[in-house]
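Numbering (the working numbering), first residue to last: 30 to 154.
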């Protein structure tokens, strides 16, 4: 889907994102203020929609599900060694690098489900 925002809406969104500062507060401890030069601000009402605009051009050979600040890819193959999902994962990695986004490897999971003769056999994370 291509968004066709009127110029004044695009400028308003850019002004919302420009010069953002952030800090962390835990109990009574507050970190130093740091400037943010990229990404969608979390904890704001506009944040999820800003993220959707940022990832709108993500296209992979596998179907993708985009929700708030997560992207999931789904692939079904009839052969165990089908390279299609790896190709799509490489596309996601390349798109992320080109757009200055990192993939959080600690939160990234893989779920494999194998079916043999119509029976569930194995899954792993």
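For each residue, glycine too, the CB sits at the ideal point set by N, CA and C.
Within the continuous alpha helix (DSSP H) that includes residue i, where are the two ends?
i: residue 120; result: 113 to 127
i: residue 60; result: Segment: none, residue 60 is in no alpha helix (DSSP H) and carries neither H nor E.
i: residue 130; result: That residue, residue 130, is in no alpha helix (DSSP H); it is neither H nor E in DSSP.
i: residue 76; result: 76 to 83
i: residue 91; result: No alpha helix (DSSP H) contains residue 91, which DSSP labels as neither H nor E.
i: residue 34; result: Neither: residue 34 is in no alpha helix (DSSP H) and is coded neither H nor E.
If residue i and residue j are in contact, beta carbons under 8 Å, what's the gap, nearest whole angstrom?
i: residue 103; j: residue 91; result: 6 Å
i: residue 127; j: residue 114; result: The Cβ separation is near 20 Å, so there is no contact.
i: residue 83; j: residue 124; result: Contact flag wrong, Cβ pair sits at about 11 Å.
i: residue 75; j: residue 45; result: 6 Å
i: residue 89; j: residue 120; result: 5 Å
i: residue 50; j: residue 62; result: 5 Å
Starting from residue i and walking both ways along the beta strand (DSSP E), at which residues does that stretch end?
i: residue 107; result: Segment: none, residue 107 is in no beta strand (DSSP E) and carries neither H nor E.
i: residue 64; result: 63 to 65
i: residue 51; result: 49 to 51
Name the residue from the options whose alpha carbon lies nearest to the alpha carbon of residue i.
i: residue 11; options: 52, 77, 100, 142; result: The structure shown does not extend to residue 11, since the chain is modelled only from 30 through 154, so no value can be given for it.
i: residue 52; options: 64, 45, 44; result: 64
i: residue 110; options: 71, 141, 37; result: 141
i: residue 42; options: 72, 58, 80; result: 80
i: residue 38; options: 55, 62, 78; result: 78
i: residue 48; options: 54, 69, 59, 85; result: 69
i: residue 129; options: 108, 66, 94, 93; result: 66
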